[in-house]
Amino acid sequence: MARFYYAGHRHQYLVTRALIRSSLSTFFPVDPVTWKFTASAYGKPDIEHPEVEVPVRFNISHTRGLIVCAIVRGYDIGVDTEDTERSTRTDMDSLASYFSPQEIDEIRNLPAARQKQRFFDYWTLKESYIKARGLGLAIPLDKFTFLFRDDRLDGFQVHADLDDDAGSWKFWRVAVNRRYKVALALNAAGVDIDLSACKTIPMATNETFPLTVL
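Here the sequence shown stands for residues 91 to 304, numbered as in our numbering.
Structural data, given as structure tokens:
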């Protein structure tokens, strides 16, 4: 049962559900109201009905002012978006709760003016990975590391405890605008992936949106 603490939560919930249905029906000839969903023990959403020829995976993320839905055929996917205008004062004081030692060092060694942006780079990437794995915070956040070089994502490492192959993953950082950061994780290394995006008002408009991949 969904519970809402104020009207904004309820509105966001309804828009999110409508976005998922309308987005899926853009790719498959299924009436939006026909889709039925389930969730894993860790809360990862999945499609229960109808069955399609190639398994479809989707993931959803929302922050103040933006909802993102990512859809792919046949691969595990995770997406995260964050509003960089929100305060990170508490988060920056407890980096060890979210990041690996290498990531913490990288943030702290940056000029103060750039630390907040790097914080969100790491945050969205890490969230996208654990969401794609479907295990949530059962995956310790300090057991995998993203590496940057000259502001470009340059590597991904996982601790042996995670029983995962870092080389099997692809990651993208996508620029929506200066305010929002979006990261996408896909367990599909070695596969050519064409990214496309639409700006959607559920059940109303669906416009192609130019992607800038960082």
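Backbone N, C-alpha and C define an ideal beta-carbon position, used for all residues, glycine too. Quick caveat: nothing in here was measured; it's all calculated off a predicted structure.
Three-state secondary structure (DSSP) of residue 129: strand
Please specify which runs of the beta strand (DSSP E), each continuous and at least 3 residues long, are wholly inside the region 208–267, giving them in chain order. 234–239, 242–248, 260–265
Measuring alpha carbon to alpha carbon, tell me which of 206, 175, 167, 165 ends up nearest residue 183. 206
Residues near residue 115 in its chain [Cβ-Cβ closer than 6 Å; skip 5 each side]: 122
Pair within 7 Å by beta-carbon distance, residue 109 and residue 161: no
If the criterion is Cβ atoms closer than 7 Å, does the pair residue 231 and residue 216 meet it? yes
Name the residue from 169, 226, 167 whose alpha carbon lies nearest to the alpha carbon of residue 188. 226
What residue from 130, 117, 153 has the CA that sits closest to residue 143's CA? 117
For residue 122, which of helix, strand or coil comes out of DSSP? helix
Contact set for residue 134: own chain, Cβ-Cβ below 6 Å, skip 5 residues either direction: 224
6 Å CB neighbourhood of residue 210 in its chain, flanking five on each side removed: 172, 174, 271
From residue 138 to residue 127, what distance separates their C-alpha atoms? 5 Å
For residue 93, does the three-state DSSP call read helix, strand or coil? In this predicted model, residue 93 has a pLDDT of only 44, less than 50, meaning its place in the structure is not dependable; the value taken from the coordinates is given anyway. Correct three-state label for residue 93: coil.
Which two residues bound the contiguous alpha helix (DSSP H) that contains residue 199? 191–199
Which residues in the same chain have their Cβ closer than 6 Å to the Cβ of residue 234, if we skip the five residues on either side of it in sequence? 248
Just how far apart, CA to CA, sit residue 185 and residue 124? 43 Å
In three-state DSSP terms, what is residue 115? helix
Identity of the residue in 178, 119, 151 nearest residue 140 by Cα: 119
For residue 160, report the span of its beta strand (DSSP E) as first-last. 156–163
How close, in whole Å, do the beta carbons of residue 273 and residue 259 come, if the pair is a contact with beta carbons under 8 Å? Residue 273 to residue 259, Cβ: 12 Å. No contact.
With a Cβ-Cβ cutoff of 7 Å, do residue 263 and residue 301 count as a contact? no
Do you know how far the Cα of residue 268 is from the Cα of residue 228? 32 Å
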